[in-house]
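So in numbering that gives the first Met the number 0, spot 25 of the sequence shown is number 24, and the numbers just go up one at a time.
Glycine included, each C-beta is placed from N, C-alpha and C at the ideal position.
Keep in mind the model is a prediction, meaning the values are calculated, not measured.
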Amino acid sequence: MGWGAGGSCTPRPPIHQQTPQDTRVITVVFLGLLLDLLAFTLLLPLLPGLLESHSRAHDPLYGSWQRGVDWFAAAIRMPAEKRYNSVLFGGLIGSVFSFLQFLLAPLTGAVSDCLGRRPTMLLSLTGLVVSYAVWATSRSFAAFLASRVIGGISKGNVSLSTAIIADLSSPSARSRGMAVIGVAFSLGFTLGPMLGASLPSETVPWLALLFAVSNLLFMFCFLPETLLPEKRAPSITPGFRAAADLLSPLALLRFSAVTHSQDTPAGDRLWSLRRLGLVYFLYLFLFSGLEYTLSFLAHQRFQFSSLQQGKMFFSIGLSMAAVQGAYARRISPGGEITAVKRAILLLVPAFLLIGWGLTLPVLGLGLLLYSFAAAVVVPCLSSVVADYGSAGQKGTIMGTLRSLGALARAVGPMVAASA
0 MGWGAGGSCT PRPPIHQQTP QDTRVITVVF LGLLLDLLAF TLLLPLLPGL
50 LESHSRAHDP LYGSWQRGVD WFAAAIRMPA EKRYNSVLFG GLIGSVFSFL
100 QFLLAPLTGA VSDCLGRRPT MLLSLTGLVV SYAVWATSRS FAAFLASRVI
150 GGISKGNVSL STAIIADLSS PSARSRGMAV IGVAFSLGFT LGPMLGASLP
200 SETVPWLALL FAVSNLLFMF CFLPETLLPE KRAPSITPGF RAAADLLSPL
250 ALLRFSAVTH SQDTPAGDRL WSLRRLGLVY FLYLFLFSGL EYTLSFLAHQ
300 RFQFSSLQQG KMFFSIGLSM AAVQGAYARR ISPGGEITAV KRAILLLVPA
350 FLLIGWGLTL PVLGLGLLLY SFAAAVVVPC LSSVVADYGS AGQKGTIMGT
400 LRSLGALARA VGPMVAASA
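Set out below in structure tokens:
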């Protein structure tokens with residue numbers, strides 16, 4: 000079964016030796032993403048308790064949102080129980096953040112294809128600093144919601160990181176770079192929640208802001224420009240027009256932004272790219288539904304405290320890091336699709352064990368299988384997709400892929416919370 004760059008039907012270019020510049024870029028991207036993910040994941044174990052505190056404080060804006068959630072819950076005939084309602088509320092918060100990424104990721108990629116990766120990355124990180132500053136300086140639900148909105152608009156740094164890796168000179172460097180991005184996610188989800196759960200809740204926003212400022216300064220000092228001027232898109236206008244088409248999910252799945260350029264991939268390559276995008280979307284749709292409801296499940300079924308939530312996410316991240324170190328990074332170019340198929344199959348027993356398990360050992364086994372899939376699927380698919388398109392298209396392609404993931408993450412939590 001031919002999957003384009005990951006299948007046997009399409010030959011890969013010869014593997015070139017990785018250069019010192021490639022190694023430097025991979026290291027900088029890894030450290031920058033780690034700082035970003037530490038800031039992002041500090042909140043995860045605190046979210047159920049944070050929403051409950053806003054509810055007890057009778058925040059007016061929270062009350063308005065709660066009435067909207069109550070109406071939606073009644074419309075879909077969800078049981079009128081507080082535990083179900085809080086899960087739905089958390090899913091809504093996660094969906095808003097991801098929906099904004101869905102809207103902005105293609106635009107970010109198009110801008111970087113024309114203006115370069117470095118200035119676009121610095122602009123994105125500046126927005127993230129502002130989002131954490133808003134959260135840290137106010138304790139109201141309005142400030143928290145505003146910080147999530149600003150963060151969702153500015154969260155183009157992940158797709159830019161994949162575009163930067165896609166700019167590297169050899170398939171082996173790109174494959175290693177995508178694996179390193181996966182390791183950064185694993186470490187972020189290992190250390191961030193544990194750190195957030197072990198600190199006073201009023202300290203967490205300030206620590207997130209510190210990580211964000213450190214990331215901005217680090218990237219300003221050390222991130223080189225990876226897209227040379229002669230390889231950039233000649234104008235930003237076609238990229239914006241193409242990105243506007245991606246407000247349509249169908250156009251997004253068809254990678255319409257890529258077809259608007261003069262050097263569109265050949266028919267079979269474009270077809271393979273679309274199939275890879277569909278697999279990526281479906282996987283993250285399922286993955287994000289569990290990801291956003293997991294903390295509520297542990298909080299309500301097993302009465303996990305914030306510290307126990309942190310330990311749970313620590314275990315997940317540690318398992319992901321182990322899988323990536325021992326297995327994922329050793330996958331040779333050309334073997335990614337086979338690895339993805341095996342990992343996706345593991346999601347079936349993982350979801351059954353997590354959803355139906357009533358004891359901690361059963362939950363732990365389900366989370367172990369879930370961690371294995373999480374460690375393999377996204378890095379491998381990103382590595383394969385990075386082989387598509389010309390140098391001036393990499394940002395648009397990876398931005399489109401990131402936007403597909405954001406759309407899945409916008410829909411997945413709401414569907415999972417409503418189920």
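- Between S185 and M319, the gap from beta carbon to beta carbon is short of 8 Å.
- No Cβ-Cβ contact shorter than 8 Å links A183 with G108.
- In the assembly as shown, W270 is an exposed residue. Its beta-carbon has fewer than 16 other beta-carbons within 10 Å.
- By the neighbour-count criterion, in which 16 or more other beta carbons inside 10 Å mark a residue as buried, A325 falls on the exposed side.
- A contact is defined here as three or more CB-CB pairs under 8 Å, and the region 95-109 meets this definition with respect to the region 150-165.
- For S305, the enclosing alpha helix (DSSP H) starts and ends at S305 to A325.
- Membership of Q20 in the alpha helix (DSSP H) is indicated by the continuous run P19 to T40.
- Per DSSP, the unbroken alpha helix (DSSP H) holding T119 starts and ends at R116 to A135.
- The continuous stretches of alpha helix (DSSP H) do not include H57, and DSSP gives it neither H nor E.
- Taken through DSSP and simplified to helix, strand or coil, A338 comes out as helix.
- Shown here for V27: same chain residues with a beta carbon closer than 7 Å to its own, the five before and five after excluded, namely F221 and L222 in chain order.
- The residue among S171, T136 and P199 with its C-alpha nearest the C-alpha of P332 is S171.
- Look at the beta carbons and you see the region 134-153 not touching the region 287-303: under three pairs across the two are nearer than 8 Å.
- Per DSSP, the continuous alpha helix (DSSP H) segment holding Y369 begins and ends at L359 to V384.
- Here the region 339-359 makes no contact with the region 193-201; the two share fewer than three CB pairs at distances below 8 Å.
- In terms of Cα proximity to V212, the closest of A196, R175, L275 and T125 is T125.
- Following the DSSP letters along the chain, one finds A232 in no alpha helix (DSSP H), marked with neither H nor E.
- Rounded to whole angstroms, the gap between the alpha carbons of L400 and V377 is 10 Å.
- The shortest CA-to-CA distance from V347 to any of L285, M413 and Q299 is the one to L285.
- Taking the CA atoms as reference points, T136 sits about 20 Å from A196.
- Residues of the same chain with a CB within less than 6 Å of the CB of L317, apart from the 5 flanking positions on each side, are T189 in chain order.
- Selection F39, L121 and V148 evaluated against L209 yields F39 as nearest (Cα-Cα).
- Distances from the CA of G155 to each of R117, G187 and S139 were compared; the closest alpha carbon is that of R117.
- No Cβ-Cβ contact shorter than 8 Å links D267 with S139.
- Contact check between the region 355-368 and the region 275-282: fewer than three CB pairs, one atom from each, fall below 8 Å, which does not count as touching.
- Between G181 and L37, the gap from beta carbon to beta carbon reaches 8 Å or more.
- Spanning the alpha carbons of K310 and L351 requires a straight line of approximately 22 Å.
- Measuring C-alpha to C-alpha distances from P228 to each of P412, Q307, R408 and G115 identifies G115 as the nearest.
- Taking a contact as a CB-CB distance under 8 Å, the pair F312 and L43 counts as one, their CB atoms being some 6 Å apart.
- For I163, the enclosing alpha helix (DSSP H) starts and ends at N156 to A165.
- A Cβ-Cβ separation of about 18 Å leaves V24 out of contact with L216 under the 8 Å criterion.
- F371 counts as buried, since at least 16 other C-beta atoms from the protein chains shown sit within 10 angstroms of its C-beta.
- Counting the other Cβ atoms within 10 Å of the Cβ of R300 gives fewer than 16, which makes it exposed.
- Distance between R66 and A349, taken at the CA atoms: about 34 Å.
- In the DSSP annotation of this structure, the continuous segment of the alpha helix (DSSP H) that includes T189 starts and ends at P170 to S197.
- Contact check for Y369 against I353 passes: the beta carbons are separated by less than 8 Å.
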